[in-house]
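Yeah, the sequence shown ends on 374 if you go by the working numbering, and it's all consecutive.
Don't be surprised by glycine CBs; every beta carbon is placed ideally from N, CA and C.
Below: one structure, written as structure tokens.
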Amino acid sequence: MKKYHIAVIPGDGIGPDIVSQAVKVLKEAGALFELEFEFHELLAGGAAIDQVGACLPAETVKTARECDSILLGAVGGPAWDRLPGDARPEQAILGLRKEFGLFANLRPALLFSQLAAACPLRADLVAGGLDLLVVRELTGGIYFGERGHKDTDMGPAAYDVEQYSEGEVRRIAEVAFQMALKRRRQVVSVDKANVLESSRLWRRVVTETAAAYPEVSLEHMYVDNAAMQLVRQPAQFDVIVTGNLFGDILSDEASMVTGSIGMLPSASLGSGSFGLYEPIHGSAPDIAGTDRANPMATILSAAMMLRYSFDQAEAAQTIEKAVAQVLDQGYRTADLYTVGTTLVGTEKAGQLIAEALQA
Ligand code: NAD
């Protein structure tokens, strides 16, 4: 029996509610596919600030390093909003990405046919379905660039520097082309090369990288156009590759097109098989502890973990099918509920998906 160690970081807000359901589903999948999982619960985010005074305790990093992957709920909330920027819970996520060299963020946006009614776009715009993958660079660009304050003629100013090296662009482009090979073989690289020098380098390196992938088509698109095309004709996209800032914004936009932020998983990968898996939404403090959170994004993140870190594609697919089956049966958490469907809470949704695995 294969054994995997999983670092489990529930975090804040709805984090503990949704992570417990993903763990339940993983245990069930483990039993079904003869995989043994050992879960190591660790502190990060606001919960860690409250208990040990740091958002990313050294102990968490040390134990996570001994594991095969990390499953994370979400961090942050109003209780810690007044802390200075570098002491906030959200720094834990940036710290984990940096610590484990997780430079590639994969965010699939899939419109489940059962949820077509939740899509805010006109039905004819998504009639053919929607299945795209945003590949976002995660450890470079403006979020990690030089920053500071200075005096100017117009008064005190603040700045953040957008910088990309050829190596950083090449490795994320490689990930995008590799992903495209397993999908519909189309990559759109998003930049702002008409204005930014860093984008001109980005575009050149992506084009050079594409030469090794003649079976994949490559198109370049300015970020403002990409934002428009995502709501005008989202089905045109297969794989979108872009930098940290543009990827942050475009992947949230893509998520909304699929109906609910509660459905979308993500994987953050480095050069090995180690990965960090988390839903793309935040800690939703407004519904924390009320059994109203949708656990599906976290459960689908666990499926991504099986696929990308453990190479267990069949087990991953079985979880994805179980989620689709529960939707087929008409069960909906509050964020997805429409008249005629059956409203269920977080716990019940997780239970139904775990049971559906057996089928
Ligand atoms: P959010 O994603 O937490 O919530 C936005 C809205 O979506 C809320 O109405 C919330 O109730 C709803 N929502 C989110 N997830 C849901 C789910 N699974 N089921 C049902 N409804 C869901 O974004 P926010 O309100 O901007 O941020 C709240 C906190 O989360 C902030 O402290 C923010 O910094 C933090 N945050 C953390 C992460 C992370 O941990 N990776 C990401 C984004 C935001």
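- Ranking Glu43, Val149 and Val40 by CA distance to the CA of Asn259 puts Val149 first.
- Within the model, the alpha-carbon separation for Pro99 versus Gln106 is close to 11 Å.
- Counting along the chain, Tyr323 sits inside the alpha helix (DSSP H) bounded by residues Met311 to Tyr323.
- Closest in alpha carbon position to Thr361, among Ala191, Ala374, Gln373 and Tyr346, is Tyr346.
- Excluding five sequence positions before and after Ala328, the CB atoms of its chain that fall closer than 8 Å to its own CB belong to Leu321 and Arg322, given in chain order.
- By the C-beta density criterion, Val338 is buried, having at least 16 other C-beta atoms within 10 angstroms.
- Three or more Cβ pairs drawn from the region 330-337 and the region 41-54 lie within less than 8 Å of each other, which places the two stretches in contact.
- For Met243, no beta strand (DSSP E) encloses it; the enclosing alpha helix (DSSP H) starts and ends at Val238 to Arg247.
- For the pair Leu121 and Ala22, the CB atoms are not nearer than the 8 Å cut-off.
- Residue range Ala119 to Leu125 is occupied by the beta strand (DSSP E) that includes Asn120.
- Residue pairing of Gly170 in beta bridges, as defined by DSSP: Thr167.
- CA-to-CA, the gap between Arg307 and Ala349 works out to about 6 Å.
- Non-local beta-carbon contacts of Val238 in its own chain, meaning distances under 6 Å to residues more than five positions away in sequence, involve Val205, Lys207 and Phe261 in chain order.
- Look at Ile302 here: in three-state DSSP terms it is helix.
- The region 324-368 is shown to contain whole alpha helix (DSSP H) runs of 4 or more residues at 328-343, in chain order.
- In the three-state scheme derived from DSSP, where H, G and I count as helix and E and B as strand, Asp96 is classed as coil.
- The straight-line gap separating the alpha-carbon atoms of Leu71 and Ala59 is approximately 5 Å.
- Rounded to whole angstroms, the Cβ separation of Gln248 and Leu140 is 7 Å, and the two are in contact under 8 Å.
- Counting along the chain, Pro31 sits inside no beta strand (DSSP E); it lies in the alpha helix (DSSP H) bounded by residues Gly30 to Phe48.
- The beta carbons of Gly155 and Glu183 sit about 5 Å from each other, so the pair counts as a contact at 8 Å.
- Cα atoms of Ile29 and Asn309: separation of roughly 9 Å, rounded to the nearest angstrom.
- For Ile264, the enclosing alpha helix (DSSP H) starts and ends at Asn259 to Val272.
- Under the DSSP assignment, Asp146 falls in the beta strand (DSSP E) whose first and last residues are Asp146 to Glu152.
- The continuous stretches of alpha helix (DSSP H) do not include Val23, which lies in the beta strand (DSSP E) extending over residues Lys17 to Gly26.
- Within its own chain, the residues whose Cβ lies closer than 8 Å to the Cβ of Ser128, once the five positions on either side in sequence are excluded, are Gly144, listed in chain order.
- With the rule of 3 Cβ pairs closer than 8 Å, the region 214-224 counts as touching the region 166-184.
- Within a 10 Å sphere around the beta-carbon of His164 sit fewer than 16 other beta-carbons, which makes this residue exposed.
- Judged by DSSP secondary structure, Gln178 falls outside any beta strand (DSSP E); it is assigned neither H nor E.
- In the pairwise beta carbon analysis, the region 266-274 is classified as not touching the region 60-68: fewer than three pairs are separated by under 8 Å.
- Remark: the C-beta of Gly287 is outside contact range of the ligand NAD, defined as less than 7 Å to any heavy atom.
- Under the three-state reduction of DSSP output, Asp206 falls in the strand class.
- With respect to Val90, Asp27 sits close: the two C-beta atoms are nearer than 8 Å.
- Sorting Thr353, Asp326 and Ser286 by C-alpha distance to the C-alpha of Arg112 places Ser286 at the top.
- Straight through space, the alpha carbons of Val203 and Leu125 are spaced by roughly 17 Å.
- Looking at the backbone, the Cα of Met278 and that of Thr167 are separated by about 45 Å.
- The continuous alpha helix (DSSP H) containing Ile108 extends over residues Gln106 to Glu114.
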